[in-house]
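End of the sequence shown = 182 in our numbering, gap-free, step of one. All C-beta atoms, glycine included, are put in the ideal place defined by N, C-alpha and C. Inspection log for the structure reproduced underneath, given as structure tokens.
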Amino acid sequence: MKPLIAALSFHQFFEGFALGGCISEAKFNTLSATIMACFFALTTPIGVAIGTCIASNFNPYSPGALITEAADFLSTRMRCSFRLQVVSFCLLFLGAGCMSSLALWA
């Protein structure tokens, strides 16, 4: 959990700087800038709470989850487009490779 918190804090820190720079350059009034800053400050904790609740109740190996994933891959659009299948599998392997390299690096 500590690496996740560190990564989230690091990401939010720089995202906050970027958002603050955009807000200051856009010349919003003080009330609008304050509302945007408060909304930004609240979205991460709320998202973490929702994700924690879902993760504690979600079993990725349950039959319902597996059937839902299979139904998505068996959709008409996926079956009819060979190019989409190739691109999907290439992106799947690219994502797996990126996650593996992150696991080795972390």
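| query | result |
| --- | --- |
| I'd like to know whether the C-beta of LEU142 is nearer than 8 Å to at least one C-beta of chain D. | No chain D appears in the structure shown, which is made up of a single protein chain. |
| In this structure, how does DSSP classify LYS103 when only helix, strand and coil are distinguished? | coil |
| Just tell me which of THR119, ASN105, ILE111 and THR106 has its CA closest to the CA of GLU91. | THR119 |
| Looking at the unbroken alpha helix (DSSP H) that takes in PRO139, where does it start and where does it end? | 139-149 |
| Skipping 5 residues on each side, what residues in its chain have a beta carbon closer than 7 Å to that of GLN88? | THR120 |
| Rounded to a whole number of angstroms, what is the C-alpha to C-alpha distance between SER164 and LEU80? | 27 Å |
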